[in-house]
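Written out below as structure tokens is the structure these notes cover.
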Amino acid sequence: MALTKVQKTGITDNAIDADKIEDGTIVAADIAPGTITNAKLAGSIANDKLANSSITVNGSSVSLGGSVTAGKIQWQSVKTADFNAVAGEGYFVDTDSVGAVTATLPGSPSAGDTIAFKDYAENFGTNALTIARNGSNIQGVANDSVISTNRASVVLVYIDSTKGWLFTNESNVADLAPSFVSATGGTLTTSGDYKIHSFTGDGCFVVSCAGNPGGSSSVQVLVVGGGGGSGTGHPTSGVGGGGGGAGGLILVPEPVGTPVSATTYPVTIGGGGTAGTIGSTDGGVGTDTTALGLLGKGGGGGATRLSPAPGATGGTGGSGGGASYNCSPTTVPTSTATQPVQTGQSGTYGFGNVGGGYPSCLAGGPNSTGGGGGAGTAGGPAGPSPVGSGDGGDGKSVTAVFGASPQPFYGPTNGVYAGGGGGGGGEVSGGAAGPGGGGAGNPSTGNNGNAGAANTGGGAGGGAKAGPTGAAGGKGIVIIRYKFQ
78 MALTKVQKTG
88 ITDNAIDADK
98 IEDGTIVAAD
108 IAPGTITNAK
118 LAGSIANDKL
128 ANSSITVNGS
138 SVSLGGSVTA
148 GKIQWQSVKT
158 ADFNAVAGEG
168 YFVDTDSVGA
178 VTATLPGSPS
188 AGDTIAFKDY
198 AENFGTNALT
208 IARNGSNIQG
218 VANDSVISTN
228 RASVVLVYID
238 STKGWLFTNE
248 SNVADLAPSF
258 VSATGGTLTT
268 SGDYKIHSFT
278 GDGCFVVSCA
288 GNPGGSSSVQ
298 VLVVGGGGGS
308 GTGHPTSGVG
318 GGGGGAGGLI
328 LVPEPVGTPV
338 SATTYPVTIG
348 GGGTAGTIGS
358 TDGGVGTDTT
368 ALGLLGKGGG
378 GGATRLSPAP
388 GATGGTGGSG
398 GGASYNCSPT
408 TVPTSTATQP
418 VQTGQSGTYG
428 FGNVGGGYPS
438 CLAGGPNSTG
448 GGGGAGTAGG
458 PAGPSPVGSG
468 DGGDGKSVTA
478 VFGASPQPFY
488 GPTNGVYAGG
498 GGGGGGEVSG
508 GAAGPGGGGA
518 GNPSTGNNGN
528 AGAANTGGGA
538 GGGAKAGPTG
548 AAGGKGIVII
558 RYKFQ
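According to our numbering, numbering within the sequence shown proceeds without interruption in unit steps and concludes at 562.
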């Protein structure tokens, strides 16, 4: 007869242990409700026998029997460099000695994820903390947040894809939203998301709001010094005057930018250099242009062959002036360019070049002169007859920085500035004007030079043989551009 049931009274205490029961032979239906008490379960069921062996707290898995402090931020050691933030953690950030720091939020946050930040060294006002959104909105906007107030502290909680991360606690925080530069001064135009201020005369650029890196906090700047005046020709010999050098040009593009504060910035526009006079004076150097701490040097003057002196090198300036004919000594060197060549994150942004010299005393009518240097290229050297005098150096196009031409502030040069003046003619042809406002060298005996274009910083073209005077260089200009929305 088969054994169907074992009576309780037939089993002594502790006679049946785990080794006596085959896995899966006792199921829930075989156990009457209430027959197994807590006292019988203590220590007998391992976590791995349970369907769920862990729980999730603040986005992190915690094993059963483990320890976690729910609802509190776990503060980490001080951060002094860029880092990735983790949900449930708080960070003291020290920007005092290392500069600005960026904290990147989690890429796939869950609702309820919480992160905190605190200014450790009371220096966010100088070196800001940027909270990089990493694909999620912050305060409902697809922009990073910049914390730029000393002693600031913030707590962010992720809620959903619409609002993203919300600030639930803010202390000593001036403005978390993106802010843009706002200013007045000069002639104002608008192009897309940018405001453009053009200064053709002295004035002030008045910044009422300096913005922040989440919107805009710097400006793009073009500064051009006044162009150099040109020389003129000898009263009797066949030589003309050297072309004027262009004003030095500074172009600071957006990746570099010039930071601004809420203050007034004086703007001074350099005038063109004076015209040289026959048998007496060289072309005059242009006047410097200044704005926002940037300096565009005035262009060098073109040389006049001074009677009875044999000729001269072009004048020193932002770009150098062109030389006059000379046979004693047999060469005249190129002039000197003095525009500071500055460098930034995107490369060089100060431009000036030498004026054309006189390579040698050329036989067969060597009565030519050098062209003035431009912001883009050097002035052309004096050439042999019948080739003619040197061309003015090319200016520099600014359309890549300030937008496609034409723009109302480009004037007659279609976005090219600081071209050199051509050398004067007489017994040889005059040099061509440098693109960017340079004047052409006058080819006709007895005529004056040609002026550089106003508000381009262009150098003047040289006067011809026996021309009474050279011509004045073109006045400089300042253009400031920034994002306003």
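We put the beta carbon where it would ideally sit given N, CA and C, even for glycine.
Here the structure is a predicted model, which is why all the values come from computation and not from measurement.
Residue nearest to Gly-291 within the set Gly-448, Asn-524, Val-475, Ala-209 is Ala-209 (criterion: CA-CA distance). In the three-state scheme derived from DSSP, where H, G and I count as helix and E and B as strand, Phe-561 is classed as coil. Spanning the alpha carbons of Asn-491 and Thr-533 requires a straight line of approximately 11 Å. Around the beta carbon of Trp-152, a 10 Å sphere encloses fewer than 16 other beta carbons of the protein chains shown; the residue is thus reported as exposed. DSSP links Ser-248 through a beta bridge to Ser-230. Going by C-alpha positions, Pro-520 is about 8 Å away from Gly-540. DSSP places Phe-169 in the strand class (E or B) of the three-state scheme.
Cα atoms of Thr-476 and Leu-328: separation of roughly 11 Å, rounded to the nearest angstrom.
Within the same chain, Gly-310, Pro-312, Thr-522, Gly-523 come within 6 Å of Ala-543 by CB-CB distance, once the 5 residues on both sides are set aside.
The residue from Gly-376, Pro-255, Arg-228 with its alpha-carbon nearest to that of Gly-498 is Gly-376. Listed in chain order, the non-local C-beta contacts of Gly-280 below 7 Å within the same chain comprise Gly-262, Gly-263, Val-344, local neighbours out to five positions each way being set aside.
Separation of Val-418 and Ala-452 (C-alpha to C-alpha, rounded to the nearest whole angstrom) is 11 Å. The DSSP-derived three-state label of Ala-477 is helix. Secondary structure at Tyr-487: helix, using DSSP grouped into helix, strand and coil. Taking C-alpha positions only, Gly-449 is separated from Ile-554 by approximately 19 Å.
Assignment of Thr-364 by DSSP, reduced to helix, strand and coil, places it in the coil class. With contacts defined by Cβ atoms closer than 7 Å, Asp-171 and Ala-198 form a contacting pair.
In terms of Cβ geometry, Thr-446 and Gly-363 do not form a close pair [threshold 7 Å]. The C-beta distance from Gly-305 to Gly-398 rounds to 5 Å, short enough to fall under 8 Å. Between the segment 211-218 and the segment 233-249, the count of C-beta pairs closer than 8 Å reaches three or more; the two stretches touch.
When secondary structure is reduced to three states using DSSP, Gly-538 falls in the strand class.
Cβ contact annotation for Ser-268 (same chain, cutoff 6 Å, sequence separation greater than five): Gly-480, in chain order.
Residue pairing by DSSP places His-311 in no beta bridge whatsoever. Note on geometry: alpha-carbon atoms of Ala-459 and Gly-547 lie some 17 Å from one another. In this chain, the beta strand (DSSP E) harbouring Lys-272 covers 271-276.
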